[in-house]
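There are 2 protein chains.
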Amino acid sequence: MSTMREQIIDTTSTLLEAQGYHATGLNQILAESGAPKGSLYYYFPQGKEELTAAAVEQSGKITAERIRAGLATFEDATEAIQSFVHTIAYHVEASGFSSGGPLMIVAMETVNSSERLNNACREAYGLLLDAFQEKLVMNGQTEARATQLATFIISAIEGGTILSRVHHSGNPLRQVAEEIGLFLQSVCKG
Amino acid sequence: MSTMREQIIDTTSTLLEAQGYHATGLNQILAESGAPKGSLYYYFPQGKEELTAAAVEQSGKITAERIRAGLATFEDATEAIQSFVHTIAYHVEASGFSSGGPLMIVAMETVNSSERLNNACREAYGLLLDAFQEKLVMNGQTEARATQLATFIISAIEGGTILSRVHHSGNPLRQVAEEIGLFLQSVCKG
DNA sequence: GTCTATACGGTGATAGAC
DNA sequence: GTCTATCACCGTATAGAC
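Chains A and B, in that order, give the protein sequences. Okay, so the first sequence: first residue is 3 according to this note's numbering, each after it adds one. Okay, so the second sequence: first residue is 3 according to this note's numbering, each after it adds one.
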C-alpha cells in the first residue's frame with residue numbers, strides 16, 4: 003500500500019538505531035525520508051510516539067525473521083547460534099557500529115517515560131526470544147529450559163553489542179559467540 | 003573540597019541512569035541538585051559533555067569498587083559471580099528499574115556523536131572488566147582466558163539488565179545469574 | 001562563586017490553504 | 001494527501017551584575 007508510510011518507518015528505524023530516540027528529531031526524519039511534515043501526521047496522528055512504536059514493532063518482526071533464517075543454516079543449535087552471533091559481529095562492524103535495530107536503545111531510553119513504547123519493546127523482545135527458543139526446543143530442550151537459555155543468549159548478545167559499539171570493534175561480540183558456543187556445548191551434553 | 007561539584011555530579015548520574023543523556027536537561031539537573039546555573043558552568047566550563055564525562059568516570063570507579071567488594075564475599079569465583087548477579091537483580095527491582103548507573107545508556111546514546119563520551123564509557127567498561135578478570139585469575143584462569151570470560155559475563159549482565167528493565171522484573175537477570183553459574187561451573191572444571 | 005536575565009536554535013505539534 | 005507557516009516550549013549556552 004502506501005509506500006510513503008513505509009519509507010517514513012524505515013528512515014525512522016535507521017535513525018533511531020544510530021542516534022536513539024531523544025536525539026532523533028521529526029524534522030530529520032522528514033528531511034531524510036523525503037516526506038512532508040503534513041503527511042507524517044496524516045499517517046501517524048499521535049506523532050513521534052506512534053511512529054516510533056511502529057518502527058519498533060516492525061524491527062521486532064524483521065529481526066525475529068532474520069534470527070530464524072540464520073539459525074536454520076545449521077541443524078545443530080549450538081553451531082547455529084554460535085555462527086549467528088559471529089554474523090552479528092560482522093554486521094555491527096559493517097554498519098559502522100550502528101547495529102541491531104532501534105530496539106535496544108529505544109527500550110533503554112523509554113522504559114520510564116512511555117508505557118506504550120515500553121510495551122512495544124517488550125513484545126519485540128518476546129519475538130526474538132521465541133525465535134531462539136524454538137531452535138532450542140527442536141534440539142531437545144524442554145520448553146521451560148529453552149526459554150531460560152534463550153533469555154541468557156539474548157542478554158549476552160545485547161550486552162556484547164553494547165561493548166562492540168563502545169569499542170568500535172566486533173571482537174567483544176566474537177568473544178561472546180565463542181563463550182556461548184562453549185556453554186551450549188556443555189549444556190546440550192549434560 | 004567543593005561539595006557542590008560533587009552534588010551536581012551525583013544528581014547528574016541519577017538522572018542519566020533513569021532517563022538517558024538526551025532526555026536529561028541541564029535545567030533539571032540544576033533544579034534537583036539545588037545548584038545555580040552560574041556555578042554549573044563554573045565547575046564544568048565545557049557544559050553538559052564535560053559534566054556527563056565526569057559522571058561516567060565516577061560511576062565507573064564506584065561500580066568497579068562494588069564489583070570487587072561483591073566478589074570478595076565468596077572465595078570461589080563461580081559462587082561469587084553468580085551471587086553478585088543475583089544482587090544486581092535485586093537492586094534493579096529495588097531502584098524501580100533504574101539500575102546500573104549511567105554507563106550503559108550514555109554509552110549507547112553517544113557512541114556515534116561524542117568521541118569524548120565514547121572514550122569515557124570505554125574506560126569505565128575497562129574498569130568493570132578488570133574487576134571480574136582479577137577474580138577469575140585468582141581462581142586459576144589465565145589472564146587471556148579471564149579477560150574473555152569477563153567480557154562474556156559483563157555482556158550477559160548488561161543485556162540481562164536491559165531485559166529486566168523492559169520487563170519490569172528482576173527475573174531475566176536472575177535467569178542470567180543461574181546460567182552464568184552453570185557456565186562457570188563447567189568452565190572451571192574442564 | 002553565585003545569581004538573573006537572556007539569546008538563539010531546535011523540538012513536537014497544529015492550522016488552514018491547496 | 002500534501003505543503004507551508006507558525007506555534008509555544010525547552011534545550012544549551014552566555015553575559016554581566018553582585
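We put the beta carbon where it would ideally sit given N, CA and C, even for glycine. Remember, predicted model here, so these are calculated numbers, not experimental data.
Checklist entry - Can you list the alpha helix (DSSP H) stretches of 4 or more residues lying completely in the region 21-100 of chain A, in chain order? => result 28-35, 39-45, 49-73 and 79-96
Next on the checklist: Below 7 Å on C-beta distance, what does residue 154/B contact in chain A?
Outcome noted: 158, 177, 178 and 181
Next on the checklist: Measuring straight from C-alpha to C-alpha, what distance separates residue 114/A and residue 134/A?
Outcome noted: 27 Å
Item to check | Contacting residues, own chain, Cβ-Cβ under 7 Å from residue 152/A (five flanking each side not counted) | outcome: 131, 134, 135 and 138
Checklist entry - Looking only at its own chain, which residues have a Cβ that is under 6 Å from the Cβ of residue 39/A, when we skip the five neighbours before and after it? => result 32
Checklist entry - Excluding sequence positions up to five away, which residues of its chain have a Cβ less than 7 Å from the Cβ of residue 26/A? => result 17 and 18
Next on the checklist: Please identify the residue among 111/B, 98/B, 140/B and 69/B whose C-alpha is closest to the C-alpha of residue 128/B.
Outcome noted: 69/B
Checklist entry - In the structure shown, what three-state DSSP assignment does residue 142/B receive? => result coil
Next on the checklist: Measuring straight from C-alpha to C-alpha, what distance separates residue 6/A and residue 36/A?
Outcome noted: 9 Å
Item to check | Under 7 Å by beta carbon: chain A residues contacting residue 113/B | outcome: 99, 167 and 168
Next on the checklist: With three or more C-beta pairs closer than 8 Å as the rule, is the region 80-96 of chain A touching the region 156-164 of chain A?
Outcome noted: yes
Next on the checklist: 7 Å is my cut-off, CB to CB: does residue 143/B come that close to chain A?
Outcome noted: no
Item to check | CB contact check: residue 190/A to chain B, cutoff 7 Å | outcome: no
Item to check | Residue of 60/B, 53/B and 93/B minimising C-alpha distance to residue 72/B | outcome: 93/B
Checklist entry - residue 103/B and residue 65/B look like a contact to me (Cβ under 8 Å); what is the Cβ gap, rounded to whole Å? => result 6 Å
Next on the checklist: Buried or exposed, going by whether 16 or more other CB atoms sit within 10 Å of the CB of residue 80/B?
Outcome noted: buried
Checklist entry - Do the region 177-187 of chain B and the region 164-171 of chain A make contact, defined as three or more Cβ pairs closer than 8 Å? => result no
Item to check | Nearest-angstrom Cβ-Cβ length linking residue 163/A and residue 106/A, presumed shorter than 8 Å | outcome: 7 Å
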